[in-house]
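Which chain is which? The protein sequence lines are A and B, in order.
Residue numbers are given in numbering that gives the first Met the number 0: position 266 of the first sequence equals residue 265, and the series is strictly consecutive.
Residue numbers are given in numbering that gives the first Met the number 0: position 245 of the second sequence equals residue 244, and the series is strictly consecutive.
We put the beta carbon where it would ideally sit given N, CA and C, even for glycine.
Have a look at the structure below before the remarks.
Protein chains: 2
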Amino acid sequence: MHNPVTVEVTRGNLVESRHRGMAVVVDGSGKVLFSAGDVETGVFPRSACKAMQALPLVESGAADAYGFGNRELALSCASHSGEDAHVDLAAAMLAKAGKDVEALECGAHWSSLSQPTLIHQARTLDKPSALHNNCSGKHSGFVCACAHTGIETKGYVEYDHPLQQEIRATMESLTGSAIGYDNCGVDGCSIPNYAVPLKNLAHGFAKMVTGQGLETARATASRRLIDACMAEPFYVAGTGRTCTKLMDIAPGRIFAKTGAEGVFVAALPEQGIAMAVKCEDGTTRAAEAMISALLARYVEKGSAEQSALSSMANRPMKNWNGIHVGDIRVTPF
Amino acid sequence: MHNPVTVEVTRGNLVESRHRGMAVVVDGSGKVLFSAGDVETGVFPRSACKAMQALPLVESGAADAYGFGNRELALSCASHSGEDAHVDLAAAMLAKAGKDVEALECGAHWSSLSQPTLIHQARTLDKPSALHNNCSGKHSGFVCACAHTGIETKGYVEYDHPLQQEIRATMESLTGSAIGYDNCGVDGCSIPNYAVPLKNLAHGFAKMVTGQGLETARATASRRLIDACMAEPFYVAGTGRTCTKLMDIAPGRIFAKTGAEGVFVAALPEQGIAMAVKCEDGTTRAAEAMISALLARYVEKGSAEQSALSSMANRPMKNWNGIHVGDIRVTPF
């Protein structure tokens, strides 16, 4: 199946590059309200599924035991830029469980998601630690979940570790898609990630925001995580980042989360729908344009929100001198 | 026309992302030895055509008048990383013509092509200047060409400036493709860039390395620029960069130059052939894999060069912990 061209990058009067992609919008019952391209073949959600992976932190009671509020829960679902506030909060989460950076198994890296942050880090650090890893909030949540429930934290990134078994069961239940060795890949931060059809990924998020088909405890934990992200968008990504900007457009009414290799999920809880996109070639700029365009279709027509979302779906590109040289624009996919 | 999938990015046992692309190999007579995808529709060569844009610097006599050797000529064709040696040499070129950074119209930016260089810049600079722009060598060459021939340097980036007129005529002659307003876009560094079919772009480079169909002066100037790049690969790109690594594989026998939005050109002067690729979606990792694979097909079978090129066409991806998580690999396109 050929996935449609969903995003064009222009220069002068010509199209310079084209991105193909897949997109789907689903409600809590699993009804597909819209789809484009192949939404039936497994794709790795990567960091787009972090809110699902954070459920054991809440469901285990660890989040309550350690007094975590919206910021900590948002950071547990984050691919953050490694700004000081992100790093400090991850360290504080670990400290609540009597742990520190040594407990993290995600690896260390300089900020790869924000150039201003990388420049700041270069000026203030000899080298980054695992706390600067964009996944350090998620991993701190993992460590806290293990510590609270008395599970050995060492090796928490391994396929057979009890925490990863629990995450696997949670994701299988939410997405309704079988997961295991066959569709497993190792993520950038070393934990298992499972390829599921885009339609199932979106349905999982639709269940999280509506509670449909979920036991009460899971429905409550799900909304708590989604609501925390919407309440603290900075802690889900960071200054100038797309997830943060999308959620800032309509506080409390848009959930959005990016994943590597061109994945993006979003939800409009008031409307009980969720959506997921994947750029076939893995490019972030295209995924950002696609999810913005898709959100724009489902918010109120003519609203300021719709206008802001459309501006993110179709935006000018400027060169080093600030000259407008072309545009990133969505097709009517 | 659907361009074929040329590069796959895997994770675990699955293909996570796919890149489509176009590729062509041409000899000095213009004979197409190989092609895949649409090589007849115009694509912006972007920085891949810098060696063509540098011809006036040599043909005007400016390069000789200012005593430029291989390093200066290589830097004139470069998309450099902004390492200190690049920046210093660009400043020295301008000084030869009695000019300085104020003469550059390319705009300033932090290194966008090398994270280690960006970190070094952040630690040693308040902010970058136009000398740090990856195109500063090309622009310094432009300024020198104008200064030597007595043309007003101010406004040298404009479409109607005599230098850009000369570059336009040079590129039209080399590529055999009409260029003008209709296929013009403004490049990142503010000069005009012209979309030409990939086949014509490759033919232009085949003419440059063989001299076929060129007047003696242009043939000599062309080989001087190509030879300078092959003699000083560091000055064409920088530490760890793909252009530099490709040319280091077979010193004096491989020319390679990247361009933004997934373009790459290369030549094997001894064999009298040149090649050009474009990744449909504009992604650099795919263009790098494609040009490496194409070069590997035309060097000696079973040689160390072929092995090194194949390793760049098909390479493992490691995560933050150094774990092998997948591969970037070319299809048999």
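I need the straight-line Cα distance from B:E58 to A:A129, nearest angstrom please. Cα atoms of B:E58 and A:A129: separation of roughly 54 Å, rounded to the nearest angstrom.
Does the Cβ-Cβ distance between B:A266 and B:A259 come in under 7 Å? Contact flag unset, no.
Below 7 Å between beta carbons: does that hold for B:M92 and B:E71? In this structure, B:E71 lies closer than 7 Å to B:M92 by Cβ.
Shortest alpha-carbon distance to A:P127 belongs to which of A:P115, A:V142, A:C143 and A:S110? Nearest of A:P115, A:V142, A:C143 and A:S110 to A:P127, Cα basis: A:S110.
Which word fits A:A94, buried or exposed, when buried means at least 16 other C-beta atoms lie within 10 angstroms of its C-beta? With fewer than 16 other Cβ atoms inside 10 Å of its own Cβ, A:A94 counts as exposed.
Mind checking if B:I322 is an interface residue toward chain A, Cβ cutoff 7 Å exclusive? Closer than 7 Å: yes.
Run of the beta strand (DSSP E) containing A:E7, from where it starts to where it stops: Its beta strand (DSSP E) spans residues V4 to R10.
Kindly give me the distance between the Cβ atoms of A:G251 and A:A230, rounded to whole angstroms, as I take these residues to be in contact under 8 Å. Contact check for A:G251 and A:A230: beta-carbon distance about 7 Å, within the 8 Å limit, so the pair qualifies.
Could you compute how far the alpha carbon of A:R284 sits from the alpha carbon of A:V329? For A:R284 and A:V329, the distance between alpha carbons rounds to 11 Å.
Between the CA atoms of B:L200 and B:A236 - distance to the nearest angstrom: Between B:A236 and B:L200, the C-alpha separation is close to 20 Å.
State whether the region 76 to 84 of chain B contacts the region 236 to 245 of chain B, with contact taken as three or more CB pairs (one from each stretch) at a distance under 8 Å. Three or more Cβ pairs closer than 8 Å define a contact, and the region 76 to 84 of chain B meets that threshold against the region 236 to 245 of chain B.
Cutoff 7 Å: B:H147 Cβ touching any chain A Cβ: Interface with chain A (7 Å Cβ-Cβ cutoff): B:H147 is excluded.
At least one CB of chain A closer than 7 Å to the CB of B:V185: is that the case? For B:V185, the closest Cβ of chain A is nearer than 7 Å.
Am I right that B:M207 and B:L173 are in contact with their C-beta atoms under 8 Å? What's the rounded C-beta distance? Approximately 7 Å separates the beta-carbon atoms of B:M207 and B:L173; this is inside 8 Å, confirming the contact.
Environment of A:E287 [buried if 16+ CB atoms lie within 10 Å]: When all chains shown are included, A:E287 counts as buried.
Taking Cβ-Cβ distances shorter than 7 Å, what residues in chain A pair up with B:F43? Residues of chain A with a Cβ closer than 7 Å to the Cβ of B:F43 are, in chain order, R10 and E15.
With distances taken Cα to Cα, identify the nearest neighbour of B:Q120 among B:V42, B:D99 and B:A84. Measuring from the Cα of B:Q120, the nearest candidate turns out to be B:A84.
Euclidean distance between Cα positions of A:R314 and A:F141: For A:R314 and A:F141, the distance between alpha carbons rounds to 37 Å.
Endpoints, the alpha helix (DSSP H) within which B:T257 is located: Careful: B:T257 lies outside any alpha helix (DSSP H), inside the beta strand (DSSP E) at F254 to G258.
Give every residue of the same chain whose Cβ lies closer than 6 Å to the Cβ of A:A47, excluding the five residues on either side of it in the sequence, and list them in chain order. Cβ neighbours of A:A47 within its own chain (closer than 6 Å, five residues either side excluded): K256, G258, V262 and V264.
Is the number of C-beta pairs between the region 180 to 193 of chain A and the region 8 to 16 of chain B that are closer than 8 Å three or more? Result yes; three or more Cβ-Cβ pairs closer than 8 Å.
Quick check on B:A121 - is its C-beta less than 7 Å from some C-beta in chain A? Judged by the 7 Å Cβ criterion, B:A121 is in contact with chain A.
Out of A:A307, A:A275, A:H147 and A:Y297, which has the shortest C-alpha to C-alpha gap to A:D247? When only C-alpha atoms are compared, the closest one is A:A307.
Going by beta carbon distance, what residues of the same chain come within less than 6 Å of B:Y193, once the five residues before and after it are set aside? Cβ neighbours of B:Y193 within its own chain (closer than 6 Å, five residues either side excluded): I178, N182 and C183.
In angstroms, rounded to a whole number, what distance separates the CA positions of B:G203 and B:M170? Distance between the alpha carbons of B:G203 and B:M170 is about 8 Å.
For B:N192, which residues does DSSP report across the bridge? Answer is B:G184.
Assuming A:G281 and B:S16 are in contact, meaning their beta carbons sit under 8 Å apart, how far apart are those beta carbons, in whole angstroms? That pair is a contact at about 3 Å.
So, under 8 Å CB-CB, A:G271 and A:A205 are touching, yes? Tell me the CB distance rounded to an integer number of Å. Confirmed, Cβ separation roughly 7 Å.
Exposure of B:Y65, with buried meaning 16 or more beta-carbon neighbours within 10 Å: Buried: at least 16 other Cβ atoms inside 10 Å.
Among A:G29, A:V24 and A:V8, which one has its Cα closest to the Cα of A:L213? The candidate whose alpha carbon is nearest that of A:L213 is A:G29.
Strictly by DSSP, which residues pair up with A:P315? When DSSP reads this structure, A:P315 sits in a beta bridge with A:D326.
Could you please give me the residues that DSSP links to A:F67 through a beta bridge? Paired residues: none, contrary to the question.
Does the distance from the CB of A:A61 to the CB of A:H147 come in under 7 Å? Contact: yes.
At 3 residues or longer, what runs of the beta strand (DSSP E) sit wholly inside the region 256 to 288 of chain A? For the region 256 to 288 of chain A, whole beta strand (DSSP E) runs of length 3 or above, ordered along the chain, are 262 to 267 and 272 to 278.
List the endpoints of the continuous alpha helix (DSSP H) containing B:F204. For B:F204, the uninterrupted alpha helix (DSSP H) segment begins and ends at L197 to T209.
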